[in-house]
Amino acid sequence: MTEAGIFLFKTVTGIFSLAFLLRFYLQVVRATPHNPLSVFVIAITDFAVVPTRRFVPGWRGYDLSTFLLALIAEALLLSLTLILNGIDLKTSTFTTILAIVCLSSVSLARMFVYIIIVATFVQAILSWVNPYSPIMSLLAAMSSPFLDIFRRRFNPVG
Numbered sequence: 001m002t003e004a005g006i007f008l009f010k011t012v013t014g015i016f017s018l019a020f021l022l023r024f025y026l027q028v029v030r031a032t033p034h035n036p037l038s039v040f041v042i043a044i045t046d047f048a049v050v051p052t053r054r055f056v057p058g059w060r061g062y063d064l065s066t067f068l069l070a071l072i073a074e075a076l077l078l079s080l081t082l083i084l085n086g087i088d089l090k091t092s093t094f095t096t097i098l099a100i101v102c103l104s105s106v107s108l109a110r111m112f113v114y115i116i117i118v119a120t121f122v123q124a125i126l127s128w129v130n131p132y133s134p135i136m137s138l139l140a141a142m143s144s145p146f147l148d149i150f151r152r153r154f155n156p157v158g
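In our numbering, the protein residues as written are 1 to 158.
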């Protein structure tokens, strides 16, 4: 596989992993599905989420099929990276599979932190530029669970 093919696979897999994780997080924070970003994420992930829901049930109102698809996408990305670096996965043991799942979970956690950081920065910039933007309610829903921790500890300035 050429370098361009590897780059393309990593990019596409990363985008879909991000889309699946974003869809799961938007469901967790109960964001409105009528926002343009929500509509876009639902449109690009429906092809895989709808069939997966038949086999993976939801749990306490959370759609675990989207999280499982994000985990699978990250595991595929990690497995391909390991294979291309010369590590033999043909003799996969339980510990190898467990390590891939754990590293994929860490990668998803890192991606989740990046989602929160980007949502917070975009919300801060839009509050100066266009505070009545339609995406502000979505960004507030995404970042408020984490910003509320700081709002409780620190007094408002001004």
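Where is the CB? At the ideal position from N, CA and C, for every residue including glycine.
Measuring alpha carbon to alpha carbon, tell me which of Leu68, Phe9 and Phe154 ends up nearest Leu80. Numbered from 1 along the sequence shown, position 80 holds the residue referred to as residue 80. Closest by alpha carbon: Phe9.
According to DSSP, simplified to helix, strand and coil, what is Tyr114? In the sequence shown, the residue the question calls residue 114 occupies position 114. Tyr114 falls in the helix class under three-state DSSP.
Alpha-carbon spacing of Ile135 relative to Ile6, whole angstroms: As a first step, residue 135 is located in the sequence shown; it is residue number 135 there, counting from the start. As a first step, residue 6 is located in the sequence shown; it is residue number 6 there, counting from the start. When rounded, the distance between both Cα atoms is 34 Å.
Simplified DSSP assignment, three categories, for Tyr25: The residue you call residue 25 lines up with position 25 of the sequence shown. Here Tyr25 sits in helix by DSSP.
Using the beta-carbon count (16 or more within 10 Å), is Val118 buried or exposed? By one-based count along the sequence shown, residue 118 stands at place 118. Exposure of Val118 is indicated by the presence of fewer than 16 other C-beta atoms within 10 angstroms of its C-beta.
Less than 9 Å between the C-beta atoms of Ile42 and Pro51, yes or no? Here residue 42 refers to the residue found at position 42 when the sequence shown is read from its first residue. Here residue 51 refers to the residue found at position 51 when the sequence shown is read from its first residue. Between Ile42 and Pro51, the C-beta spacing is not below 9 Å.
Arg54 - containing alpha helix (DSSP H), residue span: One-based indexing of the sequence shown puts residue 54 at position 54. Under the DSSP assignment, Arg54 falls outside any alpha helix (DSSP H); it carries neither an H nor an E label.
What are the uninterrupted segments assigned as alpha helix (DSSP H) that are 4 or more residues long and contained completely in the region 62-110, given in chain order? Fully enclosed alpha helix (DSSP H) runs of 4 or longer: 64-84.
Taking the continuous alpha helix (DSSP H) assigned at Ser144, which residues delimit it? The sequence position of residue 144 within the sequence shown is 144, counting from 1. Segment Met136 to Arg153, the alpha helix (DSSP H) holding Ser144.
Alpha carbon of Leu76 to alpha carbon of Thr96, nearest angstrom: By 1-based counting over the sequence shown, the position of residue 76 is 76. By 1-based counting over the sequence shown, the position of residue 96 is 96. Roughly 13 Å between the two C-alpha positions.
Throw me the rounded Cβ distance for the Met111 and Leu18 pair, which I believe falls under 8 Å. Walking along the sequence shown from the start, residue 111 turns up at place 111. Walking along the sequence shown from the start, residue 18 turns up at place 18. Sure, about 6 Å apart at Cβ, within 8 Å.
Less than 9 Å between the beta carbons of Ala141 and Arg60, yes or no? Residue 141 sits at position 141 when you count from the first residue of the sequence shown. Residue 60 sits at position 60 when you count from the first residue of the sequence shown. No; because the gap between Cβ atoms is not below 9 Å, this pair is not in contact.
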